[in-house]
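Asks: Heads up: the protein sequence lines correspond to chains F, D and C, in order.
Per numbering that gives the first Met the number 0, the first sequence runs over residues 0 to 444.
Per numbering that gives the first Met the number 0, the second sequence runs over residues 0 to 444.
Per numbering that gives the first Met the number 0, the third sequence runs over residues 0 to 444.
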Amino acid sequence: MNIDWGEGSIDRDEMGRKMHALIGEMYPLCRSITGAGFRETLSMVSRRIPLDIHEVPTGTPVFDWTVPKEWNIRDAYVKNGAGERVIDFRKSNLHVVSYSIPVEATLSLKELKTHLFTLPEQPDRIPYRTAYYQETWGFCLSHQELLKMEEDRYKVRIDSSLEPGNLTYGECYLSGEEEHEILISCHACHPSLCNDNLSGVAMVTFLAKHLSAQPNRRYSYRFLFIPGTIGSITWLSLNEDRVHRIRHGLVAACLGDPGRMTYKKTRRGDAEIDKAVTHVLQHSGQDYEILDFSPYGYDERQYGSPGFNLPVGCLMRTPYGRYPEYHTSADDLAFVSPASLADSFMQYLAVLRVLENNRTYVNLNPKCEPQLGRRGLYRLMGGDREAGFDQMSMLWVLNLSDGGHTLLDIAERSGRPFAAIRRAATALQDSGLLQTADNGNLLNG
Amino acid sequence: MNIDWGEGSIDRDEMGRKMHALIGEMYPLCRSITGAGFRETLSMVSRRIPLDIHEVPTGTPVFDWTVPKEWNIRDAYVKNGAGERVIDFRKSNLHVVSYSIPVEATLSLKELKTHLFTLPEQPDRIPYRTAYYQETWGFCLSHQELLKMEEDRYKVRIDSSLEPGNLTYGECYLSGEEEHEILISCHACHPSLCNDNLSGVAMVTFLAKHLSAQPNRRYSYRFLFIPGTIGSITWLSLNEDRVHRIRHGLVAACLGDPGRMTYKKTRRGDAEIDKAVTHVLQHSGQDYEILDFSPYGYDERQYGSPGFNLPVGCLMRTPYGRYPEYHTSADDLAFVSPASLADSFMQYLAVLRVLENNRTYVNLNPKCEPQLGRRGLYRLMGGDREAGFDQMSMLWVLNLSDGGHTLLDIAERSGRPFAAIRRAATALQDSGLLQTADNGNLLNG
Amino acid sequence: MNIDWGEGSIDRDEMGRKMHALIGEMYPLCRSITGAGFRETLSMVSRRIPLDIHEVPTGTPVFDWTVPKEWNIRDAYVKNGAGERVIDFRKSNLHVVSYSIPVEATLSLKELKTHLFTLPEQPDRIPYRTAYYQETWGFCLSHQELLKMEEDRYKVRIDSSLEPGNLTYGECYLSGEEEHEILISCHACHPSLCNDNLSGVAMVTFLAKHLSAQPNRRYSYRFLFIPGTIGSITWLSLNEDRVHRIRHGLVAACLGDPGRMTYKKTRRGDAEIDKAVTHVLQHSGQDYEILDFSPYGYDERQYGSPGFNLPVGCLMRTPYGRYPEYHTSADDLAFVSPASLADSFMQYLAVLRVLENNRTYVNLNPKCEPQLGRRGLYRLMGGDREAGFDQMSMLWVLNLSDGGHTLLDIAERSGRPFAAIRRAATALQDSGLLQTADNGNLLNG
């Protein structure tokens with residue numbers, strides 16, 4: 000029953016390079032919560048993994064929200080009196096406030112300034128701004144560039160369209176032995192920003208690719224590539240009758256920066272996914288941080304709204320807003336590294352391995368210890384205090400396999416790594432001393 | 000539904016001075032657990048607030064106890080051979096042991112000494128002693144005075160009476176929207192001692208006065224001015240059929256000294272009043288201390304006896320016995336300050352405000368977040384990390400308003416002040432996103 | 000109802016000497032899990048206390064195990080070419096691996112070495128080794144002796160027998176008012192090792208002796224002298240229908256070394272025995288350590304297997320494997336002291352005293368405090384802050400005797416010693432204010 004996906008044979012360097020290369024490929028596109036940039040991004044993903052592309056028409060009611068108009072942009076600039084592009088969308092798509100309506104006008108500097116956004120404290124960086132649910136327009140630029148702009152007549156043009164169309168999202172579903180699902184969700188709506196969240200898109204793509212190649216999966220997997228907020232709301236609205244299948248979930252974001260791993264717990268706070276991630280990080284040999292749930296952040300807000308209360312946490316590196324590059328032009332290809340991406344990938348895989356193998360067993364010989372020796376499970380020479388305690392994990396599994404403890408519970412209680420507890424359970428099961436107690440695959444029955 | 004009592008407009012200096020002046024007015028009276036001094040004290044209180052005066056006859060059985068004889072005293076002294084009053088009740092009513100029986104005798108110093116009480120470690124202070132439930136007599140004096148007393152024939156006189164009469168207590172009831180009550184209880188039986196507990200009497204008087212002037216009160220309020228121990232036993236005995244209405248309660252004592260606020264929890268330890276006081280003190284910006292319940296102290300012992308187990312804590316400044324002035328003549332008008340009294344008043348008011356406004360709400364849009372933007376509840380420009388997070392409190396209220404969390408629970412979980420959470424709930428309720436879930440006023444239905 | 004066993008009159012020095020003398024008497028015998036040495040040990044115990052000797056035939060199935068063949072040994076040695084005994088069983092029975100099969104052979108040093116065991120890191124000590132469940136043989140010796148052995152033809156002889164016979168164990172049962180039992184179990188299977196576990200055997204012997212002399216016992220007591228592991232498995236197998244009577248239990252081991260007391264909790268972790276031992280150690284005035292349960296150690300592993308889950312902890316001094324003398328010839332008569340043995344004895348007695356007297360009471364006057372004064376239970380002069388707070392324990396008992404707290408719970412909650420709480424309960428019961436609530440002796444009814 001062991002699920003083993005041969006992480007040992009993964010070439011981390013190669014995996015890191017592949018993810019970074021995919022980020023590089025997606026980076027130039029101008030994404031937003033709808034439109035061509037998002038579709039092209041999904042197209043790049045779909046060249047790696049089987050992906051269902053869903054198009055949801057503008058105006059579709061999704062709970063308290065409505066699917067917005069589709070936004071597309073071809074060009075945008077601000078020209079000075081000399082006809083020079085002083086702000087040029089072709090140089091960085093961050094220059095245009097996302098969802099800016101079409102505009103063509105000539106303005107004084109003073110008039111123009113009410114539509115310009117900068118970061119005075121990080122004067123060489125372009126900020127990232129959006130205006131999804133109001134019809135307005137604007138430009139973002141570095142504060143240094145703003146200071147250089149002199150009194151002039153500026154010609155402004157945004158060649159965009161905001162019209163009925165579709166909201167697009169991608170879904171990769173891998174069936175497993177059970178219909179119970181693990182949900183991995185990432186937002187793919189940001190333009191040229193690498194850590195937030197092309198890193199998540201790339202990591203989820205290669206995670207899905209790796210899992211799709213495995214011969215055995217206990218859980219079914221659902222990987223979502225969605226626009227932030229409106230995407231998870233739309234997906235939940237369209238799949239309300241299926242969400243009960245979700246047993247565990249993670250929102251994947253900010254996975255390429257140099258910081259330590261950070262886990263934000265589910266709303267429940269003590270879900271199996273919370274225990275699994277905590278265990279993996281505790282045994283990772285690296286520094287890490289565990290945060291309580293809060294209703295601010297990424298799509299875990301929607302999955303964890305009180306009407307759903309799904310066990311979905313958020314596993315990231317440095318959290319949103321805690322690094323200065325966040326939502327600026329400095330969140331670029333240099334900010335995310337193959338090594339960090341590969342490490343994030345391995346941590347995700349380790350968490351999934353724990354979930355896949357976390358079962359509840361029943362000790363079939365619960366009265367006193369069984370005689371491990373005659374089954375070849377015990378060191379032979381008694382009284383030797385130098386003996387390696389290989390049997391400690393077995394004794395823990397036997398003692399706590401009363402139907403009330405999962406292997407992960409036993410790992411936590413004993414302070415031993417999950418893998419050691421799982422190996423012990425396997426050995427005991429092979430010897431006929433243990434039997435699985437959970438009915439996790441009843442749904443298939 | 001918000002209960003707002005305009006604390007902002009309270010003149011703390013004036014409030015402090017008024018409370019201190021009332022203490023000064025009550026200070027000279029010789030109070031005990033029964034008698035004229037107690038009645039005159041209630042009379043002074045009743046000039047500020049509507050007060051029902053109850054007289055309970057001597058001999059009335061009250062649970063395991065019996066209402067004692069009424070004690071009154073007119074004069075008392077010890078004269079030396081030269082006829083000089085060396086101990087004089089007219090100088091301080093602390094000189095006579097409370098409930099001393101009438102006596103008229105001539106004694107040697109040695110004989111007299113068996114009836115004298117001093118504090119050798121605080122030689123210039125007169126101690127406070129009582130002898131309620133035994134028929135004896137005694138004098139208290141400073142140790143310095145005792146040392147000056149020479150061998151002589153002393154003439155002792157206590158002109159007191161201990162006869163059938165009444166136990167007196169005062170009750171101020173303010174009805175609210177609900178019949179559920181908040182009980183505020185203070186002992187008013189100590190003679191010339193200011194912090195313990197004229198400070199409590201004065202604070203409760205002005206708290207009742209302030210509340211009586213408010214146009215809206217959710218809870219009904221019961222303010223008790225009682226003799227310690229026998230008073231609460233008597234009240235509980237006479238009101239046994241009504242105590243189920245008490246939802247929250249505080250014993251008010253020692254509220255004028257310069258020390259920090261101290262809260263002694265209810266017997267339950269996790270009652271709403273415990274959470275409310277803890278929250279207010281945590282956000283007071285001042286040092287404070289929280290103590291667990293113990294069955295020693297003031298009338299919380301009776302309210303918290305196992306047969307009642309009422310949620311009544313004790314909110315004070317420095318606790319009984321922890322300041323050297325405690326139960327001595329040094330607990331005088333100089334020991335209590337208008338500033339401390341005013342601060343205590345404000346803390347009580349803040350606790351009551353939390354209780355009044357602490358309701359449980361249900362998110363009417365529990366599946367995913369509602370769109371705050373189109374209701375004018377959200378900052379307009381997305382992606383701006385500089386934006387003030389005014390909406391954080393709203394997100395917390397929406398996320399946890401599942402019927403299982405009060406606003407106070409949400410404040411605790413989010414680490415935000417109750418007032419911010421309450422404002423958010425009000426805004427959400429006004430927008431139709433939230434509905435009250437509690438049936439706190441069912442009793443009125 | 001108080002159980003008082005007059006510990007005050009115990010002469011600790013004499014008790015310590017007696018236990019140490021018994022250890023000295025048992026020390027030379029060659030014990031194993033079966034055989035003559037074990038029987039002779041029980042015989043020595045039975046000269047102090049009434050002991051039922053049970054013989055369980057080889058081959059008897061006991062859960063997953065089978066009672067093994069009986070092992071006896073008369074002599075064993077390794078002689079060098081000159082005929083000198085270079086390893087001599089007569090000098091120390093540790094020299095022979097326990098359960099070694101008979102052997103008579105002449106071997107080269109190289110051949111012999113595969114059957115020799117030493118402790119290179121403690122070169123002057125003989126290790127202790129066993130080979131219960133495999134048919135092999137071996138010798139143990141100090142590493143220094145091994146290094147002295149030169150190339151030679153060695154004559155090896157083990158004059159042992161491994162044949163069908165019996166497993167022997169001893170049982171001392173003392174009936175009490177209730178059929179509910181307290182189990183005290185010690186393993187008596189180790190050869191010349193004093194702390195592990197002749198200290199346990201001696202302490203349990205004298206504890207049983209002391210208790211048998213007491214006129215009143217609430218609980219019945221069962222003292223087991225068994226071989227480790229197979230002994231508790233055998234006992235549990237033969238007494239499965241009676242184990243429900245066991246309310247509390249302790250495994251007694253390693254009780255003579257100079258270390259501090261250590262308590263390893265029951266599998267449940269919050270059983271009454273766990274609270275009782277913790278309380279006693281907390282108030283012992285000595286350093287101590289509390290360990291969580293783990294499925295490795297002594298017979299608590301079997302009592303705490305999931306099919307039984309009996310509330311049996313292990314109260315010892317320095318735990319197995321944590322002292323260098325453990326399982327070596329250095330665990331000798333000098334390693335265990337009368338003082339440590341006596342201290343262990345007193346701690347066990349203190350724990351039993353708590354269990355015997357730990358009852359749940361109901362306050363018969365639960366509404367408000369009763370008037371302690373008229374019952375002579377209260378200091379007479381009110382207001383005196385110097386008064387000794389003798390009544391604090393009474394107030395705690397009255398306040399928490401609501402049927403939901405044992406005296407031990409009240410001791411824990413109040414931070415007061417169990418003995419003070421118990422005295423208060425007795426005084427209150429004598430005054431008719433308290434009544435026992437537990438039905439601990441229902442089994443007898």
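C-beta: ideal position from N, C-alpha, C; glycine also.
(1) What first and last residue would you give for the alpha helix (DSSP H) that runs through V44 of chain C?
(2) For V85 of chain C, which residues in the same chain have their Cβ closer than 6 Å to its Cβ, ignoring the five residues on either side in sequence?
(3) Name the DSSP bridge partner or partners of A75 of chain C?
(4) At 4 residues or longer, what runs of the alpha helix (DSSP H) sit wholly inside the region 320-384 of chain F?
(5) Only counting the same chain, and skipping five residues up and downstream in sequence, which positions put a Cβ closer than 8 Å to that of L479 of chain C?
(6) Under 7 Å, CB to CB, which of the residues in the region 223-241 of chain C have a partner in chain D?
(7) What span of residues does the beta strand (DSSP E) with G402 of chain C cover, start to end?
(8) Along chain D, in chain order, which residues have C-beta atoms closer than 9 Å to that of R300 of chain F?
(9) Whole angstroms is fine: what's the gap from N196 of chain D's alpha carbon to V203 of chain D's?
(10) Let me confirm a value: G303 of chain F is counted as buried when at least 16 other C-beta atoms fall within 10 Å, else exposed. Which label applies?
(11) Using DSSP bridges, identify the partner residues of C171 of chain C.
(12) Of all Cβ atoms in chain F, is any one closer than 8 Å to the Cβ of M14 of chain D?
(13) For A20 of chain D, does the count of other Cβ atoms within 10 angstroms reach 16, so buried, or fall short, so exposed?
(14) DSSP on Q428 of chain C, reduced to helix/strand/coil?
(15) List the residues of chain D whose Cβ lies closer than 7 Å to the Cβ of D401 of chain C, in chain order.
(16) Please say whether L50 of chain C and G169 of chain C have beta carbons closer to each other than 8 Å?
(17) Based on Cα-Cα distance, which residue from C:Y347, C:G403, C:H326 lies nearest to C139 of chain C?
(18) Measuring only the C-alpha atoms, how far is L108 of chain C from D151 of chain C?
(19) Grab the span of the alpha helix (DSSP H) containing M315 of chain F for me, first residue to last.
(20) So is E355 of chain D buried or exposed if we call it buried at 16+ other beta carbons inside 10 Å?
(21) So who's on the other strand from C253 of chain F, going by DSSP bridges?
(22) So is the beta-carbon of R89 of chain F under 7 Å away from any non-hydrogen atom of the ligand ATP?
(23) To be precise: take each residue of the region 128-152 of chain D, compare its Cβ to all Cβ atoms of chain C, and keep it if any distance is under 7 Å. Which residues remain?
(24) Touch check for the region 177-192 of chain F and the region 238-246 of chain F: three-plus C-beta pairs under 8 Å?
(25) Name, please, each residue of chain D whose Cβ falls closer than 7 Å to the Cβ of G372 of chain C.
(26) For the region 116-130 of chain D against the region 312-329 of chain D, are there 3 or more C-beta pairs whose distance is under 8 Å?
(27) Residues of chain F with a CB under 9 Å from the CB of F344 of chain C: which are they?
(28) Give the residues of chain D in contact with P310 of chain F, contact being defined as C-beta atoms less than 8 Å apart.
(29) At 7 Å on the CB atoms, spell out the chain C contacts of W64 of chain D, in chain order.
(30) Just to check my reading of the structure: D291 of chain D and R259 of chain D have Cβ atoms closer than 8 Å, yes? What is that Cβ distance to the nearest angstrom?
(31) What is the rounded straight-line gap between the Cα of K90 of chain D and the Cα of T33 of chain D?
(32) 8 Å is my cut-off, CB to CB: does N165 of chain C come that close to chain D?
(33) Please state the DSSP three-state secondary structure of L145 of chain F.
(34) Could you check which residue in C:N71, C:V361, C:T425, C:L394 has the C-alpha nearest to that of P190 of chain C?
(35) Could you give the distance in angstroms between the alpha-carbon of F344 of chain C and the alpha-carbon of P294 of chain C?
(36) Run through DSSP, which three-state label would L182 of chain D get?
Replies: To lay it out plainly:
(1) As a first step, residue 44 of chain C must be located in the third sequence, where it is residue number 45. Its alpha helix (DSSP H) spans residues 35-45.
(2) In the third sequence, counting from the first residue as 1, residue 85 of chain C sits at position 86. Counting only Cβ-Cβ distances below 6 Å, and skipping sequence neighbours, we find V77, N79.
(3) On the third sequence, position 76 is the one that residue 75 of chain C refers to. Paired residue(s): C:I157.
(4) Listed in chain order, they are 337-356.
(5) Nothing about residue 479 of chain C can be reported from this structure: the residues present for chain C run from 0 to 444 only.
(6) none
(7) Along the third sequence, one-based indexing puts residue 402 of chain C at 403. Per DSSP, G402 of chain C belongs to the beta strand (DSSP E) from 401-405.
(8) Start at 1 with the first residue of the first sequence, and residue 300 of chain F comes out as number 301. By Cβ distance, chain D contributes C367, E368, L394, N398.
(9) What you label residue 196 of chain D is simply residue 197 of the second sequence in a count that begins at 1. What you label residue 203 of chain D is simply residue 204 of the second sequence in a count that begins at 1. If I take the Cα positions, the gap works out to 11 Å.
(10) On the first sequence, residue 303 of chain F is found 304 positions in, with the first residue counted as 1. Result: buried.
(11) Within the third sequence, numbered from 1, the residue matching residue 171 of chain C stands at position 172. Paired residues: C:F222.
(12) Start at 1 with the first residue of the second sequence, and residue 14 of chain D comes out as number 15. Chain F, which has no Cβ nearer than 8 Å to the Cβ of M14 of chain D, makes this no.
(13) Here residue 20 of chain D is taken as the residue at index 21 of the second sequence, counted from 1. Under this definition A20 of chain D is an exposed residue.
(14) As a working mapping, residue 428 of chain C is identified with position 429 in the third sequence. DSSP places Q428 of chain C in helix when its eight states are reduced to three.
(15) Sequence index remark: in the third sequence, residue 401 of chain C carries index 402 (1-based). Under the 7 Å cutoff, chain D gives P305.
(16) Locating residue 169 of chain C in the third sequence gives position 170, counting from the first residue. Locating residue 50 of chain C in the third sequence gives position 51, counting from the first residue. It is a contact, given that the beta carbons lie within the stated cut-off.
(17) On the third sequence, position 140 is the one that residue 139 of chain C refers to. Comparing Cα-Cα distances from C139 of chain C to each of C:Y347, C:G403, C:H326, the minimum goes to C:H326.
(18) Position 109 of the third sequence, counted from the start, is the residue given in the question as residue 108 of chain C. Position 152 of the third sequence, counted from the start, is the residue given in the question as residue 151 of chain C. The alpha-carbon atoms of L108 of chain C and D151 of chain C are separated by roughly 6 Å.
(19) Residue mapping note: residue 315 of chain F aligns to position 316 of the first sequence, counting from 1. Counting along the chain, M315 of chain F falls outside any alpha helix (DSSP H), though it belongs to the beta strand (DSSP E) covering 311-315.
(20) Sequence index remark: in the second sequence, residue 355 of chain D carries index 356 (1-based). The residue is buried, with at least 16 neighbouring Cβ atoms inside 10 Å.
(21) Mapped onto the first sequence, residue 253 of chain F falls at position 254. Answer is none; C253 of chain F lacks a bridge partner.
(22) The ligand content of the structure shown is nil, which means the ligand ATP is not present either.
(23) R128, T129, A130, Y131, Y132, Q133
(24) yes
(25) Stepping through the third sequence from its first residue, residue 372 of chain C is reached at position 373. In chain order: Y132.
(26) yes
(27) Translated into the one-based positions of the third sequence, residue 344 of chain C becomes position 345. Here the premise fails: no neighbours, minimum Cβ distance about 27 Å.
(28) Counting from 1 along the first sequence, the entry for residue 310 of chain F is found at position 311. Contact note: P310 of chain F does not reach chain D at a C-beta cutoff of 8 Å; the least C-beta distance is about 15 Å.
(29) Translated into positions along the second sequence, residue 64 of chain D becomes position 65. The contacting residues are Q370.
(30) Position 292 of the second sequence, counting from 1, holds the residue named residue 291 of chain D. Position 260 of the second sequence, counting from 1, holds the residue named residue 259 of chain D. Contact flag wrong, Cβ pair sits at about 17 Å.
(31) In the second sequence, the residue the question calls residue 90 of chain D occupies position 91. In the second sequence, the residue the question calls residue 33 of chain D occupies position 34. So the alpha carbons of these two residues sit roughly 21 Å apart.
(32) Position 166 of the third sequence, counting from 1, holds the residue named residue 165 of chain C. Answer no: the Cβ-Cβ gap between N165 of chain C and chain D never drops below 8 Å.
(33) In the first sequence, the residue the question calls residue 145 of chain F occupies position 146. Residue state for L145 of chain F is assigned as helix, using DSSP reduced to three classes.
(34) The residue you call residue 190 of chain C lines up with position 191 of the third sequence. It is C:N71.
(35) Position 345 of the third sequence, counted from the start, is the residue given in the question as residue 344 of chain C. Position 295 of the third sequence, counted from the start, is the residue given in the question as residue 294 of chain C. Approximately 26 Å, taken between the alpha carbons.
(36) What you label residue 182 of chain D is simply residue 183 of the second sequence in a count that begins at 1. The answer is strand: DSSP assigns L182 of chain D an E or B state.
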